[in-house]
Structure formats: C-alpha cells, structure tokens
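Here's the structure, in structure tokens; my notes come after.
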Amino acid sequence: MIKTRINELLGIKYPIFQGGMAWVADAALASAVSNAGGLGLIAAMNSNGEQLRAEIKKAKLLTDKPFGVNIMLMSPFAEEAARVVIEEGIPVVTTGAGSPLKFMEAWLEAGIKVIPVIPSSAIARRVVSAGACAVVAEGGESGGHIGELSTMALVPQVCDVVDVPVIAAGGIADGRGVAAVFMLGAEGVQLGTRFLVAAECGIHRNYKEKVLNARDIDTITTGKRLGHPVRQLKNEFARSLAAKEFDSSITNEEFESFLAGSLRRAAIEGDIKTGSFMAGQCAGLVKKEQTCKEMIEELFEEADAVLRGAVKWVK
Ligand code: TUI
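So the mapping is simple: our numbering equals the position in the sequence shown, first residue as 1, plus 673.
What follows is the structure in structure tokens.
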C-alpha cells in the first residue's frame, strides 16, 4: 500500500491523477478513474462553460468519489470554466499551459484545492506562495503542451523548493515509473498516455491503435516557434508541421491555423492523416487495454514490488 500526503489531502485511495487531456478526459473517463480510487479530471479545454457544467453533472451521476477539473489556461473558455468550477462545488482544480494566479483568490475563497501543472521550479514556487496545495511537475516526456525539462531533472528540483506535495508527470506508464518518481521525492503521479487506452476512454479506435502500436521513437514535438511545443505521435500531419517549423515563408498565424481542430480530428474522428494524436514518450510502454481499475491496481502493485525490491542493491 502506497500512502502519501496526497491520499489524505484529496481523500483518495491511490495517489494517482489522470491527466486532464483535451477532447479525451470526459465524465466517463474521469468518473472511472475516481471510482477506481484515483483522482479523475475532466478537461475543460474543449468545452464552453455550459458544456463543462453538463459534463460535471454527468460525472456526479457516475461517481460519488472526488473528481476534479483541469483548466487549460490558453483556452478561450478559461474564464467561463473558472466560474463554473466554483458554482458546481468542484473540490479540486488543476491548471495547465499558463499561470493560474489571476483565478486563485476566487478558487481558494470557494474552498477549491488548486494544483497547478508546472514546468519549472520558479513557477512552482510562485503558485505555492499564491496558495496552491500541491503541484504537478510535468516533464517534457509528456504528450501535449510541454515545458523544457525532463521529469528526471524537474521533479527533484521542484521538491527542493516547495513544501507541498509534488505529483510527477511525464514518461510514467508502469509501476517502474511510479517507483522511480517516488525516489525523486514525488508523492503522487499523473498519467495521461496510459489512460488513452482505458476501456472507459471514449476516443476513436484509431487513436487507441496508434498508442498501442507506438514505439519509443514514435513521438515528435512541433510548435516551438509559437512558444508552445506540443508532443504528438508521428503521422503525416505531425511531419508536415515539423517541416513548417522553420519555414520563414509561413507566418505564425498561418502555422497556428494548421493546428485548428487537429486534436478533435484525432480524438473524435480518428483522422489518421490530419489529426494530432497527442501522446507521451512512454506510449511504447502501453501495450494493453484495461479498465481504469485494472490499470491503477496493477500500477501500484508493480510500484510496491519495485520499491520493496530496491533494497537488494543496498549492501
Ligand atoms: O497543458 C498541458 N498540456 C496540454 S494543453 C493541450 S491543448 C493545446 N495546447 C497547445 C496547443 C494546442 C492545444 C495539450 N496538452 N500540460 C501542462 C503544462 N503546463 N505544460 C506546460 C505548462 C505550463 C507552461 C507555462 C504551465 C505554466 C506556465 O507558466 C508560464 C508563466 O509565465 O507563468
């Protein structure tokens, strides 16, 4: 049994979060993770305020366990989502892709636990002094919008500068990864890529197949020129973005316009050619489809065994 301050803080059985993946993390997935003893998160990114409210209401019918909402701060709906989480009595909010400082006072006042996803120790320090009760330190191995540092380098440096619990994300897909980040000082984990193939994850079959068939070298990052690099599985679309990355005949606005709708095309339509199939470098570790309950139990059984076995190296 692995227990940390995260279990107590959030009232959950296992210190694991499911990443708040846009167009992926809906009520069905979040409630399945919460029912399995982790923290499920609904992604607010792709919904306006009322769509998010409807998704929250659905999740409330599907679980009596705590679940949260992830607010992607670059989303045009971030303001609406920030209000809806308060109105719906959401107990925990995670944020990504920017600074949550302008919303924090209102959320803390409403009794919401705020857990920002952060890519550096300086940003970790800043959000903790503004009242964050924990942080998710996300390394660049992750899928989607990423920072510069790897999980291995980021997690211990964040642990060194904050007193609140640190949840590690990026590159974790099995019990070895869970055990490894605990050794770096993390008290919880957040996984995205592995949950893409969960039975309760409703994304298109083609997306699941791409993850299940991925090798370690099958992801690529694009979008650095816009200041927000995104990791995704290689396909025609990703390669064409990569080719445009340093093409000065294309403006940033044109580059941005190629991205519009690409995540939806992957997750909902399963468009192999023009979809953006976001996934982390650990996709190559994801080989089987399971329910969220099976995944989470297996992850922590493995981590438990790895941590207990580690003592064999100490002479
Ligand atoms: O947000 C994510 N991952 C995402 S969001 C997303 S949707 C999308 N994003 C970009 C283009 C198209 C679609 C897909 N994946 N992860 C959390 C994360 N947060 N990664 C990096 C950050 C971050 C970056 C800067 C957090 C804070 C931050 O602060 C900057 C500042 O100035 O305070």
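Cβ atoms here follow ideal geometry from the backbone N, Cα and C, with glycine treated the same way.
Whose CA, out of the options, lies closest to the CA of residue i?
| i | options | result |
| --- | --- | --- |
| Trp696 | Thr824, Leu869 and Glu962 | Leu869 |
| Cys965 | Ser823, Met674, Gly711 and Arg904 | Gly711 |
| Val903 | Ser949, Asp889, Arg888 and His877 | Ser949 |
| Trp780 | Gly771, Glu752, Arg799 and Ser793 | Glu752 |
| Thr736 | Arg726, Leu702, Ala797 and Gly722 | Leu702 |
| Pro829 | Ala841, Ala807 and Gly820 | Ala841 |
| Leu714 | Leu822, Glu909, Ile689 and Phe931 | Ile689 |
| Leu802 | Glu821, Val834 and Gly812 | One point to set straight first is that residue 802 is Ser, not Leu, in the sequence displayed. Of the candidates Glu821, Val834 and Gly812, the one whose C-alpha sits nearest the C-alpha of Ser802 is Val834. |
| Val854 | Thr947, Ala732, Val839 and Ala940 | Val839 |
| Gly769 | Val787, Ile791 and Lys786 | Ile791 |
| Ile729 | Val757, Val809, Phe750 and Lys907 | Val757 |
| Leu914 | Thr947, Arg726, Tyr687 and Ala939 | Thr947 |
| Met856 | Gly812, Gly820, Met825 and Ile876 | Met825 |
| Ile763 | Glu909, Phe776 and Phe740 | Phe740 |
| Ile759 | Glu821, Glu778 and Met745 | Glu778 |
| Gly896 | Val851, Val837 and Gly820 | Gly820 |
| Ala871 | Lys883, Val706 and Val766 | Val706 |
| Gly865 | Met747, Gly813 and Asp944 | Gly813 |
| Val809 | Phe776, Ile785 and Val766 | Val766 |
| Ala797 | Gly771, His818, Ala727 and Ser815 | Gly771 |
| Tyr880 | Asp944, Gly722, Thr677 and Asn680 | Asp944 |
| Lys1002 | Ala940, Ala805 and Val862 | The structure shown does not extend to residue 1002, since the chain is modelled only from 674 through 988, so no value can be given for it. |
| Val787 | Leu683, Asn708 and Gly843 | Leu683 |
| Met907 | Lys960, Ala956 and Glu681 | One point to set straight first is that residue 907 is Lys, not Met, in the sequence displayed. Taking only the C-alpha atoms, the option nearest Lys907 is Ala956. |
| Gly861 | Gln724, Glu811, Ile876 and His877 | Glu811 |
| Ile744 | Gly692, Ala732, Ala727 and Ser704 | Gly692 |
| Ile969 | Ala709, Ala795, Ala700 and Ala698 | Ala709 |
| Leu827 | Ala978, Ala795, Arg799 and Glu942 | Ala795 |
| Ala754 | Ser823, Thr677, Leu725 and Lys731 | Leu725 |
| Lys775 | Val800, Glu761 and Thr677 | Val800 |
| Leu746 | Ala698, His818, Ser793 and Arg678 | His818 |
| Lys960 | Arg888, Pro789, Ala978 and Gly844 | Arg888 |
| Arg878 | Ser793, Ser823 and Glu962 | Glu962 |
| Leu936 | Met694, Ile685 and Lys686 | Met694 |
Since residue i sits in a beta bridge, which residues does DSSP pair it with?
| i | result |
| --- | --- |
| Asn708 | In the DSSP output, where bridge partners are listed per residue, Asn708 has none listed. |
| Phe690 | Leu712 and Gln863 |
| Met745 | Gly769 |
| Val903 | His818 and Thr895 |
| Phe973 | Answer by DSSP bridge pairing: none, since Phe973 is not bridged. |
| Phe740 | Gly713 |
| Met951 | Gln905 |
For residue i, count neighbouring Cβ atoms within 10 angstroms of its own Cβ and tell me buried if that reaches 16, exposed if not.
| i | result |
| --- | --- |
| Asn886 | exposed |
| Ser720 | buried |
| Arg867 | buried |
| Lys738 | buried |
| Ala983 | exposed |
| Pro773 | buried |
| Leu734 | exposed |
| Met951 | buried |
| Pro749 | exposed |
| Ser921 | exposed |
| Arg938 | buried |
| Glu873 | buried |
| Ala846 | buried |
| Ile890 | exposed |
| Gly875 | exposed |
| Ala933 | exposed |
| Ser930 | exposed |
| Ala807 | buried |
| Phe919 | exposed |
| Val831 | buried |
Since residue i contacts residue j with CB under 8 Å, what's their CB separation in whole angstroms?
| i | j | result |
| --- | --- | --- |
| Val742 | Ala717 | 5 Å |
| Asn925 | Leu899 | 6 Å |
| Ser858 | Glu975 | Residue identity differs from the one stated: residue 858 is Gly in this sequence, not Ser. Incorrect: roughly 20 Å between the Cβ atoms, too far for contact. |
| Gly953 | Thr892 | 7 Å |
| Ala805 | Val837 | 7 Å |
| Lys917 | Phe928 | 6 Å |
| Glu732 | Ser704 | This sequence places Ala at residue 732; Glu is not what is there. About 5 Å separates the two Cβ atoms, so the contact holds. |
| Asp977 | Ile675 | 6 Å |
| Gly844 | Gln905 | Their Cβ separation, rounded to whole angstroms, is 15 Å, which puts Gly844 and Gln905 out of contact at 8 Å. |
Could you tell me which whole alpha helix (DSSP H) segments of length 4 or greater appear in the region 780-854?
Counting only runs of 4 or more, we get 794-802 and 824-834.
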